[in-house]
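For the sequence shown, the working numbering puts the final residue at 189, and the numbers step up evenly by one. Shown next, in C-alpha cells, is the structure this report addresses.
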Amino acid sequence: MERFRPTSGRIVGTVGVLIAAAVVVIGIVDREHGFSLPVVFAALFLGILAWAAMLRPGLWATQDELVMRNMLETVHIPLGAIEQIAVRQVLAVSAGEQRYLSPAVGRSRRQAIRANRPSDAAADPAESYPAFVEERISRLAEDARARQGIALLSDEQLELARGVRRRPAWPEIIGLAVSAVGFVVSLFL
Numbered sequence: 001m002e003r004f005r006p007t008s009g010r011i012v013g014t015v016g017v018l019i020a021a022a023v024v025v026i027g028i029v030d031r032e033h034g035f036s037l038p039v040v041f042a043a044l045f046l047g048i049l050a051w052a053a054m055l056r057p058g059l060w061a062t063q064d065e066l067v068m069r070n071m072l073e074t075v076h077i078p079l080g081a082i083e084q085i086a087v088r089q090v091l092a093v094s095a096g097e098q099r100y101l102s103p104a105v106g107r108s109r110r111q112a113i114r115a116n117r118p119s120d121a122a123a124d125p126a127e128s129y130p131a132f133v134e135e136r137i138s139r140l141a142e143d144a145r146a147r148q149g150i151a152l153l154s155d156e157q158l159e160l161a162r163g164v165r166r167r168p169a170w171p172e173i174i175g176l177a178v179s180a181v182g183f184v185v186s187l188f189l
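Next comes the structure, spelled out in C-alpha cells:
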C-alpha cells in the first residue's frame, strides 16, 4: 500500500476540532455557567464538519485500487479503470464515464495557474508533490492495465470501471444529522 500525504487543511482542521471539542465539554460539564444547549449542538456540528472536511480526506493506492477517502464517502477505483488523472485544486480521476474528486491532494489557486506554464512548474518546490502524486497514480494505472492486458479506453476498461465502489461514511453522516436535529430541537426547548 502506498499512501499520499494530504496537501492542506490539517492545521486549521485540528484547531477547529479542538475548539469545538472545548465548547462541547464546557457546555456539558458546566451546565449552569457554560454554553447553552444550542451552542453545544452547533459546536458539535461544526467540529464534525471540520473533521470530515479537513482531517478525514485521504488518498492511497493498493495493489489493485486507488482509494479516495472523502468527506462523506470512500471511493474504491480499480487502478486499471483509471483513464485520466489531474491535480488542480483537487485531485480528479476519470474512470468509465464518471469523474471522481478528492480534496486530499491539490494545488492552491496560484500553484494551479503556475502549473499551466511550463517554465514555472519545475521552479516551485511546493509544486513538486502534487505533480509527483499525479505522475505516480498515472504510472500505477498504466502498470495495472499492462498486468491485466487492458488497453486504454477499451471496452474492457469500461467494464472494469463498473467495479468502482462507494462506501458512505456513516459515523460522520449520523453525527452531522444528530447534531443538526439536536440544534433545531434545542432552539425550541
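Where a beta carbon is used, it is the ideal one built from N, C-alpha and C, also for glycine.
Item                                                                                                                                                                  : Value
Taking the beta carbon of L59 as the centre, do at least 16 other beta carbons fall within 10 Å, making it buried, or is it exposed?                                  : buried
Just the Cα atoms here: how many angstroms apart are A81 and Q111?                                                                                                    : 28 Å
Would DSSP call M68 helix, strand or coil?                                                                                                                            : strand
Under a three-way DSSP split, which group does Q89 fall into?                                                                                                         : coil
At what residue ranges does the stretch 93-178 contain a whole run of the beta strand (DSSP E), taking only runs of 3 or more?                                        : 98-102 and 165-168
Taking all protein chains shown into account, decide if S36 is buried (16 or more other Cβ within 10 angstroms of its Cβ) or exposed.                                 : exposed
Is the number of C-beta pairs between the stretch 95-105 and the stretch 168-185 that are closer than 8 Å three or more?                                              : no
Evaluate R56 with the Cβ neighbour count: other Cβ atoms within 10 Å of its Cβ, from every protein chain shown; 16 or more gives buried, anything less gives exposed. : buried
In this structure, how does DSSP classify R5 when only helix, strand and coil are distinguished?                                                                      : coil
Taking just the CA atoms, how far does H76 sit from Q148?                                                                                                             : 18 Å
What whole-angstrom Cβ distance do D64 and A144 have, given they're in contact under 8 Å?                                                                             : 7 Å
In or out: A61 buried (at least 16 other Cβ within 10 Å) or exposed?                                                                                                  : buried
Is I74 helix, strand or coil when you go by DSSP?                                                                                                                     : Per the sequence presented here, residue 74 reads as Thr, with Ile not at that position. If DSSP states are grouped into helix, strand and coil, T74 belongs with the strands.
Just to confirm, is the Cβ distance from V93 to L66 under 8 Å?                                                                                                        : yes
Using a Cβ-Cβ cut-off of 6 Å (strictly less than) and excluding sequence neighbours within five positions of L44, which residues of its own chain qualify?            : V24 and S179
Please name the residue, chosen from T14, Y129 and L18, that lies closest to M54 on a Cα-to-Cα basis.                                                                 : T14
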